[in-house]
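Here's the structure we're looking at; comments come further down.
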Amino acid sequence: MYHLPQNVWKLIITCLEPVDVKSLSWVSTWFRIFIISASLTDKQSLSLHANVKKRLLDDTKETRQRFGHTLLELVATGKHGVVYRGFVNNKKSAVKMVNKQGITLEREVIGLKAVNALGLGPTLYFTDEDDVVVMEWVDGVLFTDFITSAVPTKVLWAVRELVTQCDAMDNINLVKSEMTHPGHHIIVRPNPLKESGCDLVMLDYDRSVLFTEPSKQSRRNVSQVIQYICTPRISGLLGERGIAVDIAQTRNAARDYKLSPSRGTLHSILQCFTLE
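Numbering (the numbering used here), first residue to last: 1 to 276.
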């Protein structure tokens with residue numbers, strides 16, 4: 001028997017009341033979700049699942065056709081939202097939802113649409129009123145895990161690809177934010193259709209800002225990611241994999257890029273990373 005807080009049992013019963021026999025497949029899904037979230041407080045549990053119950057237990061034809069979504073598990077809970085993993089139209093997907101009143105995912109939607117137009121980022125499937133975003137689920141390994149395990153040539157590709165994607169965002173005046181400490185926001189996954197054999201995908205655009213005109217404020221991605229690469233931890237990991245990073249030269253090249261962004265100054269940055 002699962003020992004769950006009383007408020008969780010009450011919420012399970014409440015959610016199952018409108019479910020008829022034909023919809024019993026939802027029971028096990030919801031049960032798994034509540035098992036995972038059993039540690040939440042009364043207020044967190046109620047706010048966390050309100051949107052899910054409203055949208056995904058609605059048995060109307062329109063909702064089922066639009067979402068076509070089967071929840072598998074709750075994978076992340078943040079200060080303002082949650083992420084579920086599941087399938088939409090037989091495609092593995094991530095569902096982001098807000099769980100706090102007054103918070104929206106508008107920036108996430110704008111950022112995803114912008115990078116998708118460049119062929120980057122997880123594919124945005126659809127959004128609902130800026131408080132539910134359904135996108136491609138990205139399977140792969142974290143950037144930091146990749147650069148500690150891949151062969152040096154792939155590691156060199158990953159570093160240069162990261163900087164190149166940041167330049168692409170700079171060119172459309174999209175500031176992703178948090179690029180000085182991207183952490184879990186960079187995933188590398190296999191892609192046999194590409195010459196590199198891999199894709200590098202950046203996640204989480206909920207803090208991104210799309211400027212209408214180019215300015216110093218709108219071109220910060222490359223500068224920030226160079227700060228990240230030049231940290232002792234990352235540059236040290238790269239050195240262990242045979243990737244030479246001249247910190248002073250890299251920072252000077254990044255400074256030149258910031259003053260005069262171009263293909264030439266970008267190339268100068270990329271050439272700072274070489275195989276030893």
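Ideal Cβ placement from N, Cα and C applies to all residues, glycine included. In this text, all values refer to a predicted model and were calculated from it rather than measured experimentally.
Residues bridged to residue i [DSSP beta-bridge criterion]
i	result
K113	K113 pairs with nothing; no bridge assigned.
A94	R85 and M135
I226	According to DSSP, which records beta bridges pairwise, I226 is partnered with nothing at all.
P190	C198
D204	In DSSP, D204 forms no bridge with anything.
T299	Nothing in the structure corresponds to residue 299, since the chain is present only between 1 and 276.
T77	V82
I243	L275
D128	V132
L281	The question about residue 281 has no answer, for the chain in this structure spans 1 to 276.
V141	V188
Expected contact under 8 Å - CB spacing of residue i and residue j to nearest Å
i	j	result
G111	L174	6 Å
Y228	T180	5 Å
S235	I247	6 Å
V134	S93	6 Å
K113	L124	6 Å
H185	D204	5 Å
V109	T127	5 Å
Contacting residues, own chain, Cβ-Cβ under 7 Å from residue i (five flanking each side not counted)
i	result
S218	N173, V175 and F211
P190	G197 and C198
T231	none
A244	T274 and E276
D20	At D20 the pLDDT is 41, less than 50, meaning the model places this residue with poor confidence; the figure from the coordinates comes in the next sentence. Excluding sequence neighbours, D20 sits near nothing in its chain.
F146	A158 and V188
A254	V222, S223, I226 and I269
N116	T123 and L124
L193	none
Contacts around residue i, its chain only, beta-carbon distance under 6 Å, and the 5 residues preceding and following it disregarded
i	result
R64	Summary for R64: the model assigns pLDDT 48, below 50, so the residue's position carries little reliability; its value from the coordinates is reported in the next sentence. For R64, where only same-chain residues beyond five positions count, there are no Cβ hits under 6 Å.
K187	Here residue 187 turns out to be Ile, not Lys, going by the sequence shown. These residues qualify, in order along the chain: V138, G140 and V201.
L57	In this prediction, L57 scores a pLDDT of 43, lower than 50, which makes its location untrustworthy; the coordinate-derived value is nonetheless stated afterwards. Result list for L57: empty, nothing under 6 Å.
R263	none
I103	H80
R107	D206 and S208
S39	Bear in mind that a pLDDT of 41 at S39, under 50, signals an unreliable position, so the model cannot answer this.
L259	none
Neighbourhood of residue i by C-beta distance below 8 Å, restricted to the same chain and skipping five residues each side
i	result
L266	V163, T164, D167, V222 and Y257
P214	N173
T153	L275
T148	L237, E240 and R241
V323	Residue numbering for the chain in the displayed model covers 1 to 276; residue 323 lies beyond these limits and cannot be assessed.
R251	I226 and C230
C272	V245, D246, Q249, T250 and A253
K61	Note on K61: pLDDT 48, under 50, position unreliable in the model; no value is reported.
Legend entry - Touch test, the segment 153-162 against the segment 196-208, Cβ-Cβ under 8 Å, three pairs minimum: yes
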